[in-house]
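Peer 1: First the structure, which I've put down as structure tokens, then a few questions once you've had a look.
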Amino acid sequence: MPLLIPESLLQKEKDHVAGFAPEVAWVTMGGGEQLEEKMCIRPTSETLFCDHFAHVLHSYRDLPMLYNQWCSVVRWEKTTRPFLRSREFWWQEGHTIHETAEEAIAETEQQLNTYADFCEKYLRMPVIKGRKTDKEKFAGAEATYTIEAMMHDGKALQSGTSHYFGDGFSRSFGVTFAGRDNTLQYPHQTSWGVSTRLVGAIIMTHGDDEGLILPPAIAPIEVVIVPIASHKEGVLEKARELALRLKGKVRVKLDDSDNSPGWKFSQWEMKGVPLRLEIGPKDIAQDQCVIVRRDTREKTFVPLAELESKIGELLEALAENIYNKALDNREARTVTCNTMDEIMQKANEANGFIKSMWCGSEECETAMKDKAGLSSRCMPFTQEHISDICPICGKAASKMVIWGKAY
RNA sequence: CGGGGUAUAGCGCAGAUGGUAGCGCGCUUGGUUCGGGACCAAGAGGCCGGGCGUUCAAAUCGCCCUACUCCGACCA
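Below, the structure written as structure tokens:
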């Protein structure tokens, strides 16, 4: 889809334009000439896809239409933050239309689950699945679902979203198809995305003072081999032999540069390589090597005969450990509150998640922001019954919300 | 948008009361080292963000720009 969106196209869905207009960048000139109609640089591509759908959709037989594109988008943020909030960011955006609401809702859920699984199983980052409040939902959506992660400083990071649009956009853009009963119908739509924000999430979930800690599944190098006293007879040869032996089984790199071993240790730790394999004269004499975990720095002497299996075990142990550490941090920084006083006190003490009931009114949500500096992160799918009243207004409440400070 | 801060070597910084610049890291060369960022020696590297002013003399004082940055409000 194109990079530029004509203003008229952006205007077609009123909630959407109201939500995005304040943060779009506009192109007003072309080759020194003022443009007849200004164009915005896409902040998201729903309008472009809708325009496209209107042209290509004719029959229920064309449905579902499932699109995905990787591109960068621009949102004119007032405050930027490397990886987490940049004015231009690279993302993946999926856009689908379906014959029925049920199908579209299923798609929305499926994608949210895909993101959650990816974060938890591959990035080893625990997330909370839930629904956004109306105040926080995507402009123009009927429902927005989110996965919320907690960074190690206790701040929340929305790590992926999936939206259900109903047929609102379809109606605004005149997207129609001939249905099974030969009547003209509007398809039900979804969109969903994750961005390079996840890179920031990895850094801020797993990293420590020595640098990155990469989850093994996405580490470009899983094992780095550092020869010790590599000038001595046979060391480099042995290191090369091990690298060759591991190649194809695990992503391995031999650092045979002439930097000192200590320098290499620090360097590869900073880059987040999960395992370091040391091989030196003493090891060679005993037919073993030393493997050091990035997360705990724990050293293990490994007989060369058991090399492959031990590497597998250690990678898995590391992956599990970094997930558990992140989860422990989240649990330790999550509190349940019943009164506004309690909430304000906790919010003041430390960053973290605060669970409380909520009556559902936007006034109370705004009050939470004003009084405690907290925004609603989501209404988790897994609800807990804390009480029956909203701590903000005292009226009846049936929804539990997670509040927090967000990046 | 509101309120702070910073700008001096590739990077990080120091340069009170004005006298044309220094430290650490990095880089180059030689030697010794090599199981946690090695050591010694010799080097290279600077329009002190930009402009105007004050002064015999400005990195230093004054005014005006520009860029970056932090904290708020706004947002994936």
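Heads up: the first sequence begins at 148 in the working numbering, then just goes up one per residue. By construction, the Cβ of each residue, glycine as well, lies at the ideal position given by its N, Cα and C atoms. Every value quoted in this text rests on a predicted model; they were computed, and no experiment measured them.
Would Gly-551 be called buried (16 or more neighbouring beta carbons within 10 Å of its own) or exposed?
Peer 2: Buried: at least 16 other Cβ atoms inside 10 Å.
Peer 1: Consult DSSP for His-202 and reduce its assignment to one of helix, strand or coil.
Peer 2: Helix, per DSSP.
Peer 1: Looking at Ser-309: is its Cβ nearer than 8 angstroms to the Cβ of Gln-239?
Peer 2: Cβ distance not < 8 angstroms, so Ser-309 and Gln-239 don't count as in contact.
Peer 1: Please classify Gly-178 as buried or exposed, where buried requires at least 16 other C-beta atoms within 10 Å of its C-beta.
Peer 2: Exposed: under 16 other Cβ atoms inside 10 Å.
Peer 1: Please state if the CB of Tyr-207 and the CB of Glu-254 are separated by a distance shorter than 8 angstroms.
Peer 2: For Glu-254 and Tyr-207, no; Cβs fall outside 8 angstroms.
Peer 1: By DSSP's criteria, His-335 is part of a beta bridge. Which residues make up the other side?
Peer 2: His-245.
Peer 1: Let me know the secondary structure DSSP gives Gly-427 once reduced to three states.
Peer 2: Gly-427: coil per DSSP, three-state reduction.
Peer 1: DSSP on Cys-266, reduced to helix/strand/coil?
Peer 2: Note: Cys-266 maps to helix in three-state DSSP.
Peer 1: Comparing alpha-carbon positions, which option in Pro-153, Glu-249, Asn-471 lies nearest Gln-336?
Peer 2: Measuring from the Cα of Gln-336, the nearest candidate turns out to be Glu-249.
Peer 1: Which residue from Ser-545, His-532, Leu-451, Ser-306 puts its Cα closest to that of Ala-553?
Peer 2: For Ala-553, the nearest C-alpha among the options comes from Ser-306.
Peer 1: Quick check on DSSP: helix, strand or coil for Thr-255?
Peer 2: Helix, per DSSP.
Peer 1: Name the residue from Glu-295, Ala-172, Asn-471, Val-420 whose alpha carbon lies nearest to the alpha carbon of Pro-367.
Peer 2: Nearest of Glu-295, Ala-172, Asn-471, Val-420 to Pro-367, Cα basis: Val-420.
Peer 1: Just the C-alpha distance for Gln-216 and Gly-241, rounded to the nearest angstrom, thanks.
Peer 2: If you take the alpha carbons of Gln-216 and Gly-241, they lie about 6 angstroms apart.
Peer 1: In three-state DSSP terms, what is Arg-228?
Peer 2: DSSP places Arg-228 in strand when its eight states are reduced to three.
Peer 1: Ile-533 and Met-547 look like a contact to me (Cβ under 8 angstroms); what is the Cβ gap, rounded to whole Å?
Peer 2: Correct: roughly 6 angstroms between the Cβ atoms.
Peer 1: Since Ala-325 and His-205 are thought to touch, with beta carbons under 8 angstroms apart, how far apart are those beta carbons, to the nearest angstrom?
Peer 2: The Cβ separation is near 7 angstroms, so the contact holds.
Peer 1: So what's Asp-209 in DSSP terms, helix, strand or just coil?
Peer 2: DSSP places Asp-209 in helix when its eight states are reduced to three.
Peer 1: Where Lys-429 and Ser-407 are concerned, what is the direct C-alpha to C-alpha distance, given to the nearest angstrom?
Peer 2: Lys-429 and Ser-407: Cα-Cα distance of roughly 17 angstroms.
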